[in-house]
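No gaps in the numbering here: position 160 of the sequence shown is 161 in my numbering, and each next residue is one more.
C-beta atoms are modelled at their ideal positions from N, C-alpha and C, and glycine is treated no differently.
All figures in this text were calculated on a predicted structure; none of them were measured in a lab.
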Amino acid sequence: MTTPLVTRILFATDFSDNAGWAQEYARYLATMWNATLDVMHVIERPHWSSAEAEIFVAAAQARAQAARQLDQVRDALARDGVVAKARLVLGDPTEHICLAAKDQGSELLVLGVQGQTNLLHGLIGRTTERIVKEGPCPVLAVPGQQEGTGGAPSASGRLIRHILVPLDFSSPSLEAVEYALHLAKGLGASLTLMHVLEPVGYDLDCGLGLIEEETRKRDYWNRQLMDLRDVITSFGLTADLEISGGVPSDAILACALRQHSDLIVMGTHGRRGVSGERFGSVAQTVLRRATCPVVTVKTPTFAAGHRRVLPSAMR
Numbered sequence: 002m003t004t005p006l007v008t009r010i011l012f013a014t015d016f017s018d019n020a021g022w023a024q025e026y027a028r029y030l031a032t033m034w035n036a037t038l039d040v041m042h043v044i045e046r047p048h049w050s051s052a053e054a055e056i057f058v059a060a061a062q063a064r065a066q067a068a069r070q071l072d073q074v075r076d077a078l079a080r081d082g083v084v085a086k087a088r089l090v091l092g093d094p095t096e097h098i099c100l101a102a103k104d105q106g107s108e109l110l111v112l113g114v115q116g117q118t119n120l121l122h123g124l125i126g127r128t129t130e131r132i133v134k135e136g137p138c139p140v141l142a143v144p145g146q147q148e149g150t151g152g153a154p155s156a157s158g159r160l161i162r163h164i165l166v167p168l169d170f171s172s173p174s175l176e177a178v179e180y181a182l183h184l185a186k187g188l189g190a191s192l193t194l195m196h197v198l199e200p201v202g203y204d205l206d207c208g209l210g211l212i213e214e215e216t217r218k219r220d221y222w223n224r225q226l227m228d229l230r231d232v233i234t235s236f237g238l239t240a241d242l243e244i245s246g247g248v249p250s251d252a253i254l255a256c257a258l259r260q261h262s263d264l265i266v267m268g269t270h271g272r273r274g275v276s277g278e279r280f281g282s283v284a285q286t287v288l289r290r291a292t293c294p295v296v297t298v299k300t301p302t303f304a305a306g307h308r309r310v311l312p313s314a315m316r
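Structure representation (structure tokens):
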């Protein structure tokens with residue numbers, strides 16, 4: 002029997018419409034993997050200056066309202082056959098969500114991309130990038146459901162049928178491939194591996210030599226992709242390959258739309274580097290603009306008994 006990729010999921014909700022759609026993915030994956038599901042809501046502390054008594058009353062009202070909404074989420078999951086443990090805390094959303102994921106041994110964190118704007122709600126939309134950057138496990142960020150885009154369930158109820166995996170062959174991107182392989186295996190999804198050749202500036206004196214160099218680069222990366230596909234085939238999966246030119250984030254998003262991808266899985270650090278306040282410009286742009294959910298993999302967390310597919314030489 003195949004070891005499940007995920008045995009414990011943390012779903013962070015702020016009760017927004019985006020969070021409601023993310024809840025569907027948390028439920029779906031918990032059901033598919035028979036995983037434990039924890040549900041968490043963080044009430045952000047008020048930042049305005051006010052009398053202490055007024056702050057206390059506002060916080061008490063917010064806690065009571067959030068507790069009712071959290072019970073509704075838990076009841077909805079129970080009706081779908083998923084027993085979830087719920088937790089309500091007051092404080093900084095990023096800090097508490099990341100700490101809970103670490104303490105509970107979560108292997109996947111699920112949340113909506115956009116959140117509430119009410120100050121008394123957990124502002125997950127505002128802190129998604131921080132959670133992706135600081136979280137101790139892969140993060141599934143789910144945008145709101147949009148008509149005519151990926152994310153609609155099939156007749157069989159499957160939310161994830163095709164997974165797009167962009168990679169630049171850096172260690173983080175190959176870790177994301179490893180994660181995507183097991184995700185596809187467990188969910189019965191198809192795969193597309195994609196590498197983007199970034200544009201080169203040409204001047205008026207460019208000639209056949211530069212064109213030949215670009216052709217050699219394309220051939221080289223195509224061979225790398227084919228070698229990776231051979232490893233994937235030995236795991237019992239097949240994968241389509243694609244090499245595109247252009248701005249990486251634009252090429253990835255265009256491919257996801259063209260392939261009707263239901264999920265993008267990508268590493269958060271790549272060859273382009275990361276600044277002190279960013280988790281990677283490509284991943285950041287894809288996360289903000291994607292119409293399908295995105296799993297960002299910084300350090301993959303695998304369940305006990307996991308057997309790696311990619312050889313260490315590739316990573």
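Just checking my contact of residue i with residue j at CB under 8 Å: how many whole Å lie between their CB atoms?
i: LEU89; j: ARG69; result: Not really, about 10 Å apart at Cβ, beyond 8 Å.
i: SER245; j: CYS293; result: Their Cβ separation, rounded to whole angstroms, is 17 Å, which puts SER245 and CYS293 out of contact at 8 Å.
i: LEU184; j: LEU6; result: 6 Å
i: PHE236; j: LYS186; result: 7 Å
i: ALA284; j: LEU165; result: Going by Cβ atoms, the distance from ALA284 to LEU165 rounds to 13 Å, so no, they are not a contact pair.
i: LEU194; j: LEU226; result: 6 Å
i: ALA240; j: LEU192; result: 4 Å
Helix, strand or coil: how does DSSP classify residue i here?
i: LEU109; result: strand
i: LYS299; result: coil
i: THR37; result: strand
i: PRO5; result: coil
i: PHE57; result: helix
i: ILE10; result: strand
i: SER191; result: strand
i: GLY291; result: According to the sequence displayed, residue 291 carries Ala and not Gly. Reduced to three states, the DSSP call for ALA291 is coil.
i: ARG80; result: helix
i: ILE233; result: helix
i: ILE161; result: coil
i: PRO167; result: strand
i: LEU238; result: coil
i: LEU175; result: helix
i: ARG308; result: coil
i: VAL114; result: coil
i: ARG347; result: This structure does not reach residue 347, given that the chain is present from 2 up to 316, and the question cannot be answered.
i: THR28; result: Position check: residue 28 holds Arg in this sequence, whereas Thr was assumed. Residue state, collapsed to three classes: helix.
Taking its Cβ as the centre, do 16 or more other Cβ atoms sit within 10 Å of residue i, making it buried, or is it exposed?
i: PHE12; result: buried
i: VAL84; result: exposed
i: ASN19; result: buried
i: ARG308; result: exposed
i: SER172; result: exposed
i: TYR221; result: exposed
i: ASP15; result: buried
i: VAL114; result: buried
i: VAL74; result: buried
i: GLU214; result: exposed
i: THR118; result: Per-residue confidence for THR118 stands at a pLDDT of 46, beneath the threshold of 50, marking its modelled position as unreliable; no derived number is given.
i: ALA61; result: exposed
i: GLU179; result: buried
i: ALA190; result: buried
Output needed for residue i: all residues of its chain with C-beta closer than 6 Å, excluding positions within five of it in sequence on either side, in chain order.
i: THR128; result: PRO94, THR95
i: SER107; result: ARG9, LEU11, CYS138
i: GLN24; result: none
i: LYS86; result: ASP39
i: TYR29; result: LEU160
i: VAL43; result: VAL90, PRO94, HIS97, GLY123
i: ALA31; result: ILE10, LEU38, VAL83
i: LEU71; result: HIS42, ALA87, LEU89
i: LEU198; result: GLY246
Cutting at 7 Å between CB atoms, please list the residues of its own chain near residue i, excluding the five before and the five after it.
i: LEU188; result: MET33, ILE161
i: VAL287; result: SER250, ILE253, LEU254, ILE265, MET267, VAL295
i: GLU135; result: THR95, CYS99
Who are the near neighbours of residue i in its chain, counting only those whose CB is closer than 8 Å to its CB and skipping five residues on each side?
i: ALA291; result: PRO144, LEU254, ALA257, ILE265
key: Length at least 3, wholly inside the segment 242 to 269: the beta strand (DSSP E) runs in chain order   = When DSSP assignments are scanned along the segment 242 to 269, the uninterrupted stretches of beta strand (DSSP E) that are 3 or more residues long and fall wholly within it turn out to be 264 to 268.
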